[in-house]
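Be aware that the sequence shown starts at 50, since it is given in my numbering, and climbs by one per residue.
Contents: one structure, followed by commentary.
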Amino acid sequence: MAAFDLVIRGGEAVLPGTGLTACDIAIKDGRIAAILAPGAAASASEDISATGLLVMPGAIDVHLHLGHGKDISRPRVADDADRETAAAVAGGVTTFIPYLMATEPFETLFDEVVAVTEAGARIDFGYHFVISTEAQLAGVPRYISDYGAPSFKIFMNNRGGEGARLGLPDIDDGFLLRLSEAAARHGGMVCPHPETIELAWVLRDRMKAEDPNGKGGLATWNASRPPFVEADAVQRAAYVAHVAGAPLYVVHTSSTEAIEAALRHRRAGAAVHIETCPHYLTHDISWEKGDIGKINPPLRQAADRERLWQGVSNGEVDTIGTDHIHRDLSSKDGGIWAASPGCPGLETMLPVMLSEGYHKRGIPLERIAAITSTNPARIMGLGDRKGAVAVGLDADLTFIDLNAEWTLGRDDILSSAGYSIYDGWRFKGRIRHTLVRGRFSFRDGALVDGSRGFGRYVRRVLS
50 MAAFDLVIRG GEAVLPGTGL TACDIAIKDG RIAAILAPGA AASASEDISA TGLLVMPGAI
110 DVHLHLGHGK DISRPRVADD ADRETAAAVA GGVTTFIPYL MATEPFETLF DEVVAVTEAG
170 ARIDFGYHFV ISTEAQLAGV PRYISDYGAP SFKIFMNNRG GEGARLGLPD IDDGFLLRLS
230 EAAARHGGMV CPHPETIELA WVLRDRMKAE DPNGKGGLAT WNASRPPFVE ADAVQRAAYV
290 AHVAGAPLYV VHTSSTEAIE AALRHRRAGA AVHIETCPHY LTHDISWEKG DIGKINPPLR
350 QAADRERLWQ GVSNGEVDTI GTDHIHRDLS SKDGGIWAAS PGCPGLETML PVMLSEGYHK
410 RGIPLERIAA ITSTNPARIM GLGDRKGAVA VGLDADLTFI DLNAEWTLGR DDILSSAGYS
470 IYDGWRFKGR IRHTLVRGRF SFRDGALVDG SRGFGRYVRR VLS
């Protein structure tokens with residue numbers, strides 16, 4: 050009987066604490082069983098050549114929305130998970146954690162959502178719960194202990210009917226405080242959408258009077274919700290969470306002011322984790338395609354983009370999340386005021402970080418692996434199973450031709466969104482294979498038959 054199920058030979062892997070290392074990787078029962086010297090004798094059911102390829106831990110996207118059609122609240126059928134996890138494996142993503150959104154208590158729908166997701170998923174997944182009601186708030190202890198879902202989103206902007214677009218009720222800072230207290234007591238974490246909406250209302254009305262038809266496009270959208278609207282909410286959430294004793298995960302940081310607000314509270318001793326998204330690193334208000342780039346928070350100025358890259362490079366930014374939205378291009382109709390915010394990003398997160406981060410800016414591969422895999426695994430309670438090429442962890446791996454140059458086209462998009470803000474972009478570094486718990490889900494640039502339904506729900510415990 051072979052000692053291992055699979056041995057990956059001839060590649061170079063990004064190993065924790067060691068960096069880029071020529072090695073062979075042995076896999077048994079879905080986990081990494083040994084890191085071997087190149088060419089070491091090892092009995093395996095199958096040997097795979099990775100000669101000329103870089104092996105990295107599979108990316109972990111802890112910020113996305115998985116829904117049905119234009120609804121981003123939850124998947125309804127297995128095909129919903131199939132299409133978006135197909136996009137994920139094509140982009141080297143092996144685990145993701147979408148936001149689950151509802152007004153009813155999550156006890157009433159959780160088992161169904163997990164079953165639907167597992168039926169279609171090609172990768173492993175968790176869920177964050179969006180907490181908006183008293184019944185959901187009361188359920189926080191159980192969601193952490195029984196469901197393994199210890200991270201909770203709160204839309205700080207849901208006031209004065211603002212949440213109606215998502216079918217959610219209003220909340221206030223008192224609700225944020227009570228959620229933070231519950232998270233602190235029971236081992237949870239708060240993930241706020243940070244906007245002070247009362248400020249945004251004033252600025253929106255001014256901009257609509259000045260530019261009623263939205264001819265200013267992305268510049269108009271940015272001016273209606275400028276960086277200080279984001280930063281004010283970041284500092285408020287960080288202060289409240291710190292007082293309550295809860296860790297805070299700041300999602301989709303888009304601006305210099307927001308990152309500086311988060312860092313001030315981190316320096317003051319608060320447990321504040323900072324996420325940004327690829328689109329804030331690559332696009333700004335000057336993008337010529339305008340309304341397609343409507344996102345919330347908005348795309349910012351070029352200087353904000355460069356400040357975020359600085360944070361990615363120096364360690365201030367902890368994670369990269371896509372904030373993937375699978376709505377199709379028709380959701381962008383009607384001009385900047387009417388267009389739906391958001392964009393897809395699962396296929397392109399890792400290619401962006403390799404091309405724009407490693408090749409263009411010299412950010413080390415170890416840092417790329419940390420910010421796309423190791424850190425999100427550690428912060429979100431997956432570090433005991435995922436996030437590194439290390440013995441004992443799940444064999445979630447992506448194989449990359451680091452110097453391959455290619456242009457993204459519509460045919461490369463597997464998400465049901467059917468488009469990308471990177472259409473026509475030239476990338477350097479291409480995903481060749483993706484392995485999930487020791488099985489290929491994407492091989493030689495194509496989806497693997499039989500990978501649908503292999504993904505499983507992963508319960509999490511925060512360290």
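Yeah, the Cβ is synthetic: ideal placement off N, Cα and C, and Gly gets one too.
What is the DSSP secondary structure of residue i, reduced to helix, strand or coil?
i: TYR506; result: strand
i: LYS202; result: strand
i: LYS409; result: helix
i: VAL283; result: helix
i: ILE146; result: strand
i: GLY68; result: strand
i: ASP110; result: strand
i: ARG132; result: helix
i: LYS338; result: coil
i: LYS343; result: coil
i: ILE74; result: strand
i: ILE57; result: strand
i: ASP96; result: strand
i: GLU153; result: coil
i: SER490; result: strand
i: ALA387; result: coil
i: ILE121; result: coil
i: GLY370; result: coil
i: GLY175; result: coil
i: LEU158; result: coil
i: LEU85; result: strand
i: HIS375; result: coil
i: LEU399; result: helix
Among residues of its own chain, excluding the 5 on either side of residue i, which ones have a beta-carbon nearer than 8 Å to its beta-carbon?
i: GLY339; result: GLY266, LEU267 and ILE385
i: ARG354; result: TYR329, LEU330, THR331, HIS332 and ASP333
i: PRO190; result: ALA231, ARG234 and HIS235
i: ARG208; result: ASP219, ILE220, ASP221, ILE246 and GLU247
i: LEU431; result: ILE109, THR144, GLY175, PRO425, VAL507 and ARG509
i: LEU252; result: ALA272, SER273, ARG274, PRO275 and VAL278
i: SER512; result: ARG427, GLY430 and GLY432
i: VAL289; result: ASP222, LEU225, LEU226 and SER229
Sorted by chain position, which residues of the same chain lie with C-beta nearer than 7 Å to residue i's C-beta, five sequence neighbours on each side aside?
i: ALA418; result: VAL63, MET105 and PRO106
i: VAL256; result: Reading the sequence as shown, one finds Met at residue 256 and not Val. Same-chain partners within the cutoff: THR269, ALA272 and SER273.
i: ALA83; result: ALA75 and VAL440
i: ALA135; result: ARG171, LEU463 and LEU496
Going by beta carbon distance, what residues of the same chain come within less than 6 Å of residue i, once the five residues before and after it are set aside?
i: GLU95; result: LEU55
i: VAL497; result: PHE489 and SER490
i: THR245; result: VAL278, ASP281 and ALA282
i: ALA437; result: PRO65, PRO106 and THR423
i: GLY294; result: ALA233
Quick one: Cα of residue i to Cα of residue j, how far?
i: LEU414; j: ALA164; result: 36 Å
i: PHE145; j: ALA258; result: 41 Å
i: THR423; j: GLU161; result: 30 Å
i: VAL138; j: GLY504; result: 11 Å
i: TYR192; j: PHE201; result: 10 Å
i: ALA170; j: THR397; result: 19 Å
i: LEU395; j: THR371; result: 6 Å
i: GLU211; j: ALA151; result: 16 Å
i: GLN185; j: PHE224; result: 11 Å
i: ALA351; j: LEU85; result: 45 Å
i: PRO346; j: ARG434; result: 32 Å
i: GLY59; j: GLY88; result: 8 Å
i: THR368; j: GLU309; result: 16 Å
i: ARG349; j: SER304; result: 7 Å
i: ASN206; j: GLY216; result: 13 Å
i: THR483; j: LEU228; result: 37 Å
i: GLN284; j: PRO241; result: 11 Å
i: GLY116; j: GLU133; result: 9 Å
i: ASN262; j: SER379; result: 18 Å
i: VAL401; j: SER389; result: 23 Å
i: ASP173; j: ASP131; result: 12 Å
i: ILE323; j: ARG410; result: 20 Å
i: TRP336; j: THR325; result: 19 Å
Within the present structure, is the beta-carbon of residue i separated from the nearest heavy atom of the ligand NAP by less than 7 Å?
i: ALA437; result: The ligand NAP is not among the ligands present in this structure, which contains no ligands whatsoever.
Hey, does residue i have any beta-carbon neighbour from chain C nearer than 8 Å?
i: GLU454; result: Going by chain labels, chain C is absent from the structure shown, which holds only one protein chain.
Touching by the beta-carbon criterion (3+ pairs, under 8 Å), the region 445-462 and the region 101-114: yes
Segments assigned alpha helix (DSSP H), at least 4 residues, entirely inside the region 289-314: none
Inside the region 426-465 only - beta strand (DSSP E) runs reaching at least 3 residues: The DSSP assignment places 446-456 as complete runs of the beta strand (DSSP E) inside the region 426-465, in order along the chain (cut-off: 3 residues).
At least three beta-carbon pairs within less than 8 Å, the region 453-462 to the region 472-489: Output reads yes: the region 472-489 touches the region 453-462.
Contact between the region 375-392 and the region 310-322 (3+ Cβ pairs under 8 Å): no
Any 3 or more C-beta pairs closer than 8 Å across the region 83-93 and the region 123-132: Touching, no, given that fewer than three Cβ pairs across the two stretches are closer than 8 Å.
Every unbroken alpha helix (DSSP H) within the region 223-273, with a cutoff of 4 residues, ordered by chain: For the region 223-273, whole alpha helix (DSSP H) runs of length 4 or above, ordered along the chain, are 246-259 and 266-273.
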